[in-house]
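Q:
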Amino acid sequence: MLEVQGLTCFRQNRCLFAELNFVLSDHQICQIEGPNGAGKSTLLRAILGLFRPDEGKILWDGESTTQQAELFLQQVFFLGHKFAINSDLTPWQNLEFWAVLNPTSNLDFTTALGLVGLTGLEHIPCHSLSAGQHRRVALARLWLTNTKLWILDEPFTAIDKSGVQLLQQRFDQHLQNGGMILITTHQDLSQNFEQLTKLTLGNSTIGHSTVGDAE
Numbered sequence: 111m112l113e114v115q116g117l118t119c120f121r122q123n124r125c126l127f128a129e130l131n132f133v134l135s136d137h138q139i140c141q142i143e144g145p146n147g148a149g150k151s152t153l154l155r156a157i158l159g160l161f162r163p164d165e166g167k168i169l170w171d172g173e174s175t176t177q178q179a180e181l182f183l184q185q186v187f188f189l190g191h192k193f194a195i196n197s198d199l200t201p202w203q204n205l206e207f208w209a210v211l212n213p214t215s216n217l218d219f220t221t222a223l224g225l226v227g228l229t230g231l232e233h234i235p236c237h238s239l240s241a242g243q244h245r246r247v248a249l250a251r252l253w254l255t256n257t258k259l260w261i262l263d264e265p266f267t268a269i270d271k272s273g274v275q276l277l278q279q280r281f282d283q284h285l286q287n288g289g290m291i292l293i294t295t296h297q298d299l300s301q302n303f304e305q306l307t308k309l310t311l312g313n314s315t316i317g318h319s320t321v322g323d324a325e
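Every letter in the sequence shown is one number past the one before it in this note's numbering, and letter 123, counting from 1, is 233.
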């Protein structure tokens, strides 16, 4: 279980959010909403330990994430705006390199790449692929990771309708298996996930951030 208690973050003397509280449990997906600059990515970075909040606690299974950082991060898959793709390597080689450093399932790389529409491109250097194909290489990791908590920052960017449906199916599979997802997206997820809650950030207002069931 991920628990955020009284989290407050400032950037350049501006309060992004204050006294933020929420809990994310097994089988649950939480969508973080808010205008640009509301602190959505900052919140994700704070949870990952990449940004130090001014106040508050972040707990994983009841223990501070800062005191068990290595153990916590072993349970986290993060997908951000940067794809973390080496352009000199092929898609297959990129997944192979990533898998050395991360806990993975038994699914083979070729199958994972096929699921994201890269069949036939597995052994083409990534510098010959489009930006959209780079993103699909990064997304293929979702079929390989066996981590508990997925933290996803705008994963639907530059993805077509069929790709969106495919990702939503993978999210549902992860949740059914007891996983958790914390996601920023402008995509409407309320029609697809009964387990969805929403966390709204905005206007640097203390107490404005809320968690509630999707309507």
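Virtual Cβ for every residue (Gly too), placed ideally from N, Cα, C.
Bear in mind the structure is a predicted one, so any value in this text is a computation, not a measurement.
#1: Kindly indicate which three-state DSSP category residue 156 falls into: helix, strand or coil?
#2: What does the Cβ neighbour count give for residue 221, buried or exposed, with the cut at 16 atoms within 10 Å?
#3: Could you give the uninterrupted runs of the alpha helix (DSSP H) lying entirely in the stretch 259-313, keeping only those of 4 residues or more?
#4: Check the C-beta distance from residue 265 over to residue 228 and give it rounded, since I have them as a contact under 8 Å.
#5: Skipping 5 residues on each side, what residues in its chain have a beta carbon closer than 6 Å to that of residue 77?
#6: Based on the DSSP output, what are the partners of residue 133 in its beta bridges?
#7: Would you kindly report the start and end of the unbroken beta strand (DSSP E) that includes residue 186?
#8: Taking C-alpha atoms, which residue in 219, 118, 286, 183 lies nearest to residue 254?
#9: How is residue 124 classed by DSSP in three states: helix, strand or coil?
#10: For residue 117, count neighbouring Cβ atoms within 10 angstroms of its own Cβ and tell me buried if that reaches 16, exposed if not.
#11: Since residue 169 and residue 115 are thought to touch, with beta carbons under 8 Å apart, how far apart are those beta carbons, to the nearest angstrom?
#12: Would you mind stating whether residue 195 and residue 244 have Cβ atoms separated by less than 7 Å?
#13: Whole angstroms is fine: what's the gap from residue 270's alpha carbon to residue 171's?
#14: Which class does residue 319 belong to by DSSP, given the choice of helix, strand or coil?
A: The answer reads as follows:
#1: Note: residue 156 maps to helix in three-state DSSP.
#2: Taking every protein chain shown into account, the CB of residue 221 has fewer than 16 other CB atoms within 10 angstroms, so this residue is exposed.
#3: DSSP runs (the alpha helix (DSSP H)) wholly in the stretch 259-313: 271-286.
#4: Their Cβ separation, rounded to whole angstroms, is 16 Å, which puts residue 265 and residue 228 out of contact at 8 Å.
#5: The shown model of the chain, from 111 to 325, leaves out residue 77, and the question about it has no answer.
#6: DSSP links residue 133 through a beta bridge to 113.
#7: Segment 186-189, the beta strand (DSSP E) holding residue 186.
#8: Cα-wise, what sits closest to residue 254 is 219.
#9: Correct three-state label for residue 124: strand.
#10: Under this definition residue 117 is a buried residue.
#11: Indeed, because the Cβ distance is near 7 Å, the residues count as touching under 8 Å.
#12: Yes, they are a contact pair.
#13: Cα to Cα, the separation comes out at about 36 Å.
#14: In this predicted model, residue 319 has a pLDDT of only 38, less than 50, meaning its place in the structure is not dependable enough to derive any value.
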